[in-house]
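Q:
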């Protein structure tokens with residue numbers, strides 16, 4: 003298989019939002035650079051509170067000494083198994099804090 007066939011095959015196997023992006027790149031249509039947003043801007047865009055986003059340890063970048071986020075990267079994180087594990091761990095921590103005698107998660 004040629005490298006172009008490999009690229010097309012990988013693009014077709016990707017999730018829809020990534021597939022569209024890959025096809026645009028193959029057509030030579032460069033993607034617009036995505037702006038960075040503040041945590042407050044991210045909270046407005048996602049509908050989650052600033053506190054919740056901090057608790058979830060949403061990945062970001064340090065730009066000019068300040069933490070900034072790209073919405074597409076955060077949305078990808080929300081779909082990841084890493085995020086699901088983080089949320090599950092936080093639920094267990096909350097249950098233990100509310101019910102100190104409970105040491106194992108309730109299933």
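In our numbering, the protein residues as written are 3 to 109. Glycine residues also receive a C-beta, built at the ideal position from the N, C-alpha and C atoms.
How should residue 45 be labelled, buried or exposed, when 16 other C-beta atoms within 10 angstroms of its C-beta is the threshold for buried?
A: Residue 45 is buried by the Cβ-count criterion.
Q: Is the CB-CB distance between residue 70 and residue 39 below 8 Å?
A: yes
Q: Between residue 93 and residue 73, what straight-line distance do the alpha-carbon atoms span, to the nearest angstrom?
A: 24 Å
Q: How far does the alpha helix (DSSP H) with residue 39 in it extend, from its first residue to its last?
A: Unbroken run through residue 39: none, as it is neither H nor E.
Q: Would you call the CB atoms of residue 24 and residue 16 closer than 8 Å?
A: Yes, the pair counts as a contact, with Cβ atoms nearer than the cut-off.
Q: For my contact list, residue 118 and residue 54 are in at a C-beta cut-off of 8 Å; report their separation, rounded to the angstrom.
A: Because the chain in this structure spans residues 3 to 109, residue 118 falls outside the shown range and cannot be described.
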